[in-house]
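Just below is one structure, and these are the notes that go with it.
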Amino acid sequence: MKLQQAGLAYFAEKEFNVSFENVVIGKFRCDLFVENKVIVELKAVTGFQPKLFQSQLLSYLKASRVKTGLLINFGNTSCEVKRLSV
Numbered sequence: 006m007k008l009q010q011a012g013l014a015y016f017a018e019k020e021f022n023v024s025f026e027n028v029v030i031g032k033f034r035c036d037l038f039v040e041n042k043v044i045v046e047l048k049a050v051t052g053f054q055p056k057l058f059q060s061q062l063l064s065y066l067k068a069s070r071v072k073t074g075l076l077i078n079f080g081n082t083s084c085e086v087k088r089l090s091v
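The numbering of the sequence shown is the working numbering, which starts it at 6 and goes up by one.
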């Protein structure tokens, strides 16, 4: 994978616990977790990208306490990348 060739540490399908008042209430899995700093969500949707995808990534960032995320859509003729932060 290109991330490995670039010398970046990553996990595919990294699982995070979701807690509320110090009680684990669920889990989520992000597509990629890079350098223990960035959550990457990959999509392949043609046309307009639903706001739901941004909401999903923001929820992942809040639950994991990771500050930065990338939402990447490969579905259109050009790749669309959005950077989100909390």
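The C-beta atom is built at its ideal place from N, Cα and C for all residues, glycine as well.
Worksheet item: Skipping 5 residues on each side, what residues in its chain have a beta carbon closer than 6 angstroms to that of cysteine 35?
Response: Lys19, Ile44, Tyr65
Worksheet item: Are leucine 89 and leucine 63 closer than 7 angstroms when you measure CB to CB?
Response: In this structure, leucine 63 lies closer than 7 angstroms to leucine 89 by Cβ.
Worksheet item: Candidates Asn22, Phe53, Thr73, Val91: which alpha carbon is nearest phenylalanine 79's?
Response: Phe53
Fill in: Rounded straight-line distance, which links the Cα of lysine 72 to that of lysine 42
7 angstroms
Practice prompt. Might you give, ordered along the chain, the residues of its own chain that have their beta carbon closer than 6 angstroms to the beta carbon of glycine 31, omitting 5 neighbours on each side?
Written response: For glycine 31, where only same-chain residues beyond five positions count, the Cβ hits under 6 angstroms are Val23.
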